[in-house]
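Engineer:
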Amino acid sequence: MVSDVLPRMKNVTAMYVNHREDSATQSLWRICNPNAQYLPLDVDFPNLTELHIRTSVISHITGIMTQDLNLVPEFINKFQKTLTRLSISHYLHTTAIGIPTYDSLVRFPNLISVTLEPGSRGYAGFIKQHADSLLELQCPIDSFPDGIGPIQFRRLKKVTLTFDALVMSHPESSWWMSSSPFLTSILPTVRRLRLSGDWYKDQEIGAFLQTVARLSVNAECGLAELAVVLRIGSIDLLPAIASTFPKLRSLEITFADIISSRDRLIQPDRMYPFEEGYIAAAKWMICILSRVNVPWGLEDITITCRGGPVDIPMWGMMYICGRFIPSISSFNSTGNKIIPEDVEIPYKFMDTLCTDYNSSSAAGE
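Quick note: the sequence shown uses my numbering, first residue 1472, plus one each step.
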């Protein structure tokens, strides 16, 4: 049935190929027609522009042999003339079976978007072939000394660097923080930057900001949207972010924990720091935000804690930021600064904190 239907699907524009090792998949392989277990190499999809491949396969369980999966590059190459978006990812950091050989891929003249998840290896040459056409790139920060650092891009507007905690333990993976051709070439064009994945350290983001600031002395960076995932939540980096990216309009900070006043890790409530015992943290936030002394047009700020299946919006932290960064007109991408009714922000107490801070600052002058 599958072999009869596929040749008729001439108008397909997007395809998802998913090889995964789990009990449900194993059962399906056993009952499928043998021909349905292989890529449809003999079928033409003349309008295909988007291709997503995800794989994690162990041949002795699924019956899919390594040599069959090595045909993946041949399948991808069929769409050389039409492909504009390519995504390749791997379950459980698979690094042996099922990964396409990037060296076997041809150049795709219309390719504008590439997504490579952690687990990808040997992709630098393929990326370099398309450095002049790519508008969007998502790739892992791997353990190789150069990564994609030596590659110069011309048109990148959206960049996502995915962080792998296991990989980041290697010192070689610091290429993304250095004055590389990669970073130098994207600063004039990139508008959206995401540093995502597991968790970055403040020191790593700080080093990245210092490098960008140094490279932007003669050419201001036009970045409009920045998203960062931190292991330990803080706003200590806000002054540096403001001075490095003065044209930033949207900032998203996600973290796992916060260090309390007792130097222990906590997962805060969404009212933090307006909770009993954490007012010292509110004073510290006010002190940090007062250092944002450059013209900044930030419009939206999102601060969340990744404490479970759903990220927790940190309304208290966003509220304080809104008080000290007057250009902010939106919290949590809502388009407004309205705090949920069940989140109790002690507004009068906040006014007192600000007054106390202003008085102490004036006395110290």
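Virtual Cβ for every residue (Gly too), placed ideally from N, Cα, C.
1. Please name the residue, chosen from 1543, 1522 and 1549, that lies closest to residue 1514 on a Cα-to-Cα basis.
2. Return the residue from the list 1543, 1595 and 1786 that minimises the CA-CA distance to residue 1814.
3. Within its chain, find whatever has a CB closer than 6 Å to the CB of residue 1610; leave out the 5 residues flanking it on each side and keep chain order.
4. Inspect the beta-carbon positions of residue 1650 and residue 1685 and report whether they are closer than 9 Å.
5. Using three-state DSSP, classify residue 1841 as helix, strand or coil.
6. Do residue 1746 and residue 1739 come within 9 Å of each other at the CB atom, strictly closer than that value?
7. Tell me residue 1486's beta-bridge partners as DSSP assigns them.
8. Quick one: measure Cβ to Cβ for residue 1717 and residue 1696, integer angstroms, because I've assumed they're closer than 8 Å.
9. With DSSP run on the structure shown, which of helix, strand or coil describes residue 1728?
10. In the DSSP assignment, what residue or residues form a beta bridge with residue 1773?
11. How about residue 1645 and residue 1675: do their beta carbons lie closer than 9 Å?
12. Quick check on residue 1751: buried or exposed, where buried means 16 or more other Cβ atoms within 10 Å of its Cβ?
13. How would you label residue 1522, buried or exposed, when you count the other beta carbons within 10 angstroms and need 16 or more for buried?
14. Could you work out which residue in 1796, 1779, 1789 and 1512 is closest to residue 1805 when comparing CA atoms only?
15. For residue 1797, tell me which candidate among 1768, 1720 and 1485 has the shortest Cα-Cα distance.
16. State yes or no: is the C-beta of residue 1707 within less than 9 Å of the C-beta of residue 1673?
17. What residues in its chain sit with their C-beta under 6 Å from that of residue 1538, if we drop five residues either side in the sequence?
18. Does residue 1572 pass the burial test, meaning 16 or more other C-beta atoms within 10 Å, or should it be called exposed?
19. Is the Cβ-Cβ distance between residue 1621 and residue 1653 less than 9 Å?
20. Output needed for residue 1628: all residues of its chain with C-beta closer than 8 Å, excluding positions within five of it in sequence on either side, in chain order.
21. Is residue 1655 helix, strand or coil when you go by DSSP?
22. Let's test the definition: count the other Cβ atoms within 10 Å of the Cβ of residue 1838 and tell me whether it reaches 16, buried, or not, exposed.
23. Taking its Cβ as the centre, do 16 or more other Cβ atoms sit within 10 Å of residue 1485, making it buried, or is it exposed?
24. So residue 1680 and residue 1760 are in contact, right, with Cβ under 8 Å, and what is the actual spacing, rounded?
25. Of all the options 1801, 1582 and 1705, which has the alpha carbon lying nearest to the alpha carbon of residue 1757?
26. Report back the beta-carbon spacing between residue 1633 and residue 1687 to the nearest angstrom; my notes put them in contact at under 8 Å.
27. Between which two residues does the alpha helix (DSSP H) containing residue 1682 stretch?
Structural biologist: Quick look at the numbers:
1. 1549
2. 1786
3. 1587
4. yes
5. In the structure displayed, the chain extends from 1472 to 1836; residue 1841 sits before or after that span and is not available.
6. yes
7. 1522
8. Contact flag wrong, Cβ pair sits at about 14 Å.
9. strand
10. 1723
11. yes
12. exposed
13. buried
14. 1789
15. 1768
16. yes
17. Here residue 1538 scores only 47 on pLDDT, less than 50, and its place in the model is too uncertain to base an answer on.
18. exposed
19. yes
20. 1606, 1607, 1660, 1661, 1662 and 1663
21. helix
22. Residue 1838 lies beyond the range of the chain shown here (1472 to 1836); nothing can be said about it.
23. exposed
24. Wrong, their Cβ atoms sit about 17 Å apart, outside the cutoff.
25. 1705
26. Incorrect: roughly 24 Å between the Cβ atoms, too far for contact.
27. 1673-1686
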